[in-house]
Amino acid sequence: MAVVRKVKVAATTRSVDFQHVTSKDDQTGIITVYDFLRQSDVYRYYVQCAKQSLVPLRMAEDARVLPRWLKFLDNTNEIVTALTACFILYTRSPGVIYFASGAVSCSLSVKFIKRAIRQPRPPPTTGAKKKVTYGMPSTHSATITFFAEYTSLACAYLPVHPSLPSSWITRILPPIIVLPWAAMIVMSRIWLGHHTLPQVVAGCSYGVIFSYTWYLMWVSGLNECGRWATQTFPYILQ
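Going by our numbering, the letters in the sequence shown line up with residues 43 to 280, in that order.
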């Protein structure tokens, strides 16, 4: 005689039914579908993502612990700030200082626009820390897009700083690292539930425009100010 077990997997608004048939004689020692699903967080997570038509990296609503790599992306502000500060101290370059000031200006101007638009963030759906500021446009998306584009432009067109190796690797390696990292950070703003897709797109668009404008200002005359500063303060800048 067969025993039919029906299992319902919670996936927000819908459920998926599974049937597992076992005889009474072979029930002992067999992991049933119900036991498997109950023990498999990964399976339930992907079922919910499929039901909500979300990207497959978004966490389930009842999840309160984020993966380490997603936590890493959620704390990019501190990481990027620390790396930029180290690069400034290492090169002591007016161009790098100008680049960092552009990133700060981009971030501050986006925050001002946020307060003017006053569009709320999406409802929290993951275990990430809830943000209390407005969401349009995304500050993270704008700032990291600024970093990615300005780095690519600098590596392609600006002279290599004397403190760095004058090799093709110096021009190729930074964009190879920064561009995928920036893309992951931008996408993580949606995965974490901090922003909607339009808010992220608006942030990226703003970052592209701001970084290109900032670059044009440098090559159109502000680089001469950098040379003057280097000659005036040789013990501080180089």
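Glycine residues also receive a C-beta, built at the ideal position from the N, C-alpha and C atoms. Model, not experiment: these values are computed from the prediction.
Residue span of the alpha helix (DSSP H) that contains residue i, given as start and end
i: Gln161; result: Premise fails: Gln161 is in no alpha helix (DSSP H) and is neither H nor E.
i: His182; result: 181–199
i: Trp223; result: 210–233
i: Trp256; result: 239–259
Contact under 8 Å by Cβ, residue i with residue j
i: Val152; j: Gly235; result: no
i: Arg231; j: His182; result: yes
Inter-residue spacing [alpha-carbon to alpha-carbon] between residue i and residue j
i: Ile73; j: Asn117; result: Its pLDDT being 48, under 50, Ile73 is placed unreliably by the model, and the measurement read from it follows with that caveat. Going by the C-alpha atoms only, they are around 40 Å apart.
i: Ser194; j: Ser135; result: 17 Å
i: Ser208; j: Val202; result: 6 Å
i: Asp104; j: Pro165; result: Interpretation of Asp104 is limited by its pLDDT of 38, a score under 50 that renders its predicted location unreliable; no figure is taken from the coordinates.
i: Thr187; j: Gln161; result: 21 Å
i: Ser253; j: Arg110; result: 30 Å
i: Arg157; j: Thr133; result: 36 Å
i: Thr123; j: Leu115; result: 13 Å
i: Leu96; j: Ile130; result: Annotation note: pLDDT 44 at Leu96 (below 50); position unreliable, coordinate value reported separately. Each residue's alpha carbon lies about 39 Å from the other.
i: Met229; j: Arg163; result: 15 Å
Per-residue DSSP class, three states only, for residue i
i: Thr272; result: helix
i: Met101; result: The predicted model places Met101 with a pLDDT of 42, which falls under 50 and marks its position as unreliable, so this point remains unresolved.
i: Thr133; result: helix
i: Val202; result: coil
i: Leu279; result: coil
i: Asn265; result: helix
i: Asn119; result: helix
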